[in-house]
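*Asks:* Taking my numbering, the leading residue of the sequence shown gets 157, the next gets one more, and so forth.
Provided herewith is a single structure, encoded as structure tokens, for subsequent inquiry.
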Amino acid sequence: MFVIMLGLLIALSAPSVYGANTQGLHWGLNEGDRLDYRFVVHSSYTTMVPFTSIDEGFYFIADDLPLIPDTVVTATNLYKTFQAYWSNGSMISSSSGLPNLVTVFVVGNWSLVNSLVFPAMPSLYRIVDSELLWGIEGNQPGPEVGQTNNMSMTFLKSDGALYKVHQTIYDWFTDEDVFEYEITRVTEKSGGYGFLTLIAVASIAVEIVIALVLMKKHRQ
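Next comes the structure, spelled out in structure tokens:
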């Protein structure tokens, strides 16, 4: 899936280590954990997006969790992206025009995460930091004149995995959302706490619709 994380697409890989580093950081997921999601898109902007609606299930499996450096000084060591698969087991291709990666953050020291992520954030975005959730939200100019791209993406602090993604593109001329993106987390962490149904409404890594628009324009 397109990763909405400060507009960056970064995949990390290294040996698995689950113990906390000296800064208290550790992976909240265990090797082999599977998380299932629901992916929903509604669009009336058919000139930009090659579909009007999508409602599909997908999942990822936490594998090859990278070693966390003893002292983390860059945001790239705070998260890992995992390949997403449709519910039938087929891989979501990066060339499909659909998000194909899922981001998971380390847990244990969200103050440090804030201090490393904030400097790299676009000026119109802000950090969301509550008792249960961490993430980013904000807006930016949409793909066309008179449009605004609104986005929020949050992660569950207990396991660091994606909780909610919500993005809309609002058209000021027609006074409507012409694009809506939603991700819903529908399963708990393997071996974890009680069942969670987590809903996200229309969104992504400063990159869901924007990526689709850019792809279309580059092909023209």
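For every residue, glycine included, the Cβ atom is placed at its ideal position computed from N, Cα and C.
Remember, predicted model here, so these are calculated numbers, not experimental data.
Taking Asp226 as the reference, which of Leu288, Phe335 and Gln179 has the closest Cα?
*Replies:* Checked all of Leu288, Phe335 and Gln179; the closest Cα to Asp226 is Gln179.
*Asks:* Just to confirm the assignment, what range does the beta strand (DSSP E) spanning Ser209 have?
*Replies:* First-last of the beta strand (DSSP E) with Ser209: Ser209 to Ile217.
*Asks:* Look at Leu318 and Gly264 and say whether their C-beta atoms are less than 8 Å apart.
*Replies:* The answer is no: Cβ separation not under 8 Å.
*Asks:* In whole angstroms, what separates the C-alpha of Asp385 from that of Thr310?
*Replies:* Only positions 157 to 376 of the chain appear in the structure, and residue 385 is not among them; the question remains open.
*Asks:* Apart from the five residues on each side of it in sequence, which residues of its chain come closer than 8 Å, Cβ to Cβ, to Val284?
*Replies:* Excluding sequence neighbours, Val284 sits near Trp290, Gly291, Ile292, Glu293, Ser308 and Thr310.
*Asks:* Tell me the residue span of the alpha helix (DSSP H) that contains Val269.
*Replies:* Per DSSP, Val269 belongs to the alpha helix (DSSP H) from Trp266 to Val273.
*Asks:* Kindly indicate which residue of Pro222, Lys313, Asn233 and Tyr241 has the alpha-carbon position closest to the one of Lys266.
*Replies:* In the sequence on display, residue 266 carries Trp and not Lys. That would be Lys313, whose Cα lies nearest to the Cα of Trp266.
*Asks:* Reducing DSSP to helix, strand and coil, say where Thr237 ends up.
*Replies:* Strand at Thr237.
*Asks:* Using alpha carbons as the reference points, say which of Pro222, Asn305 and Ser271 lies closest to Leu121.
*Replies:* Nothing can be reported for residue 121, as the shown portion of the chain is limited to 157 through 376.
*Asks:* What residues in its chain sit with their C-beta under 6 Å from that of Leu268, if we drop five residues either side in the sequence?
*Replies:* Here the set comprises Gln179.
*Asks:* I'd like to know whether the C-beta atoms of Leu257 and Gln239 end up nearer to each other than 8 Å.
*Replies:* Closer than 8 Å, so yes.
*Asks:* DSSP three-state label for Thr232, please.
*Replies:* It is helical.
*Asks:* Let me know the secondary structure DSSP gives Thr353 once reduced to three states.
*Replies:* Below a pLDDT of 50, predicted positions are generally treated as unreliable, and Thr353, at 30, falls in that range; the measurement from the model is reported next regardless. Thr353 falls in the coil class under three-state DSSP.
*Asks:* Would you tell me roughly how many angstroms separate the C-alpha atoms of Met247 and Ser271, rounded to the nearest one?
*Replies:* So the two alpha carbons sit approximately 34 Å from each other.
*Asks:* Let's test the definition: count the other Cβ atoms within 10 Å of the Cβ of Phe329 and tell me whether it reaches 16, buried, or not, exposed.
*Replies:* Burial call: exposed.
*Asks:* If I measure Cβ to Cβ from Val196 and keep anything under 6 Å in the same chain, skipping five residues before and after, which residues do I get?
*Replies:* Cβ neighbours of Val196 beyond the five flanking positions: Asp211 and Glu338.
*Asks:* Please name the residue in Asp192, Gln303 and Arg341 whose C-alpha comes closest to that of Val321.
*Replies:* Ranking the options by Cα distance to Val321, first place goes to Arg341.
*Asks:* Please list, in chain order, all residues of the same chain as Val301 whose beta carbon is under 8 Å from its beta carbon, the five residues on each side excluded.
*Replies:* The answer is none, since no qualifying residue turns up.
*Asks:* Excluding five sequence neighbours on each side, which residues of the same chain lie with their C-beta closer than 6 Å to the C-beta of Gln303?
*Replies:* Ile325 and Asp327, listed in sequence order.
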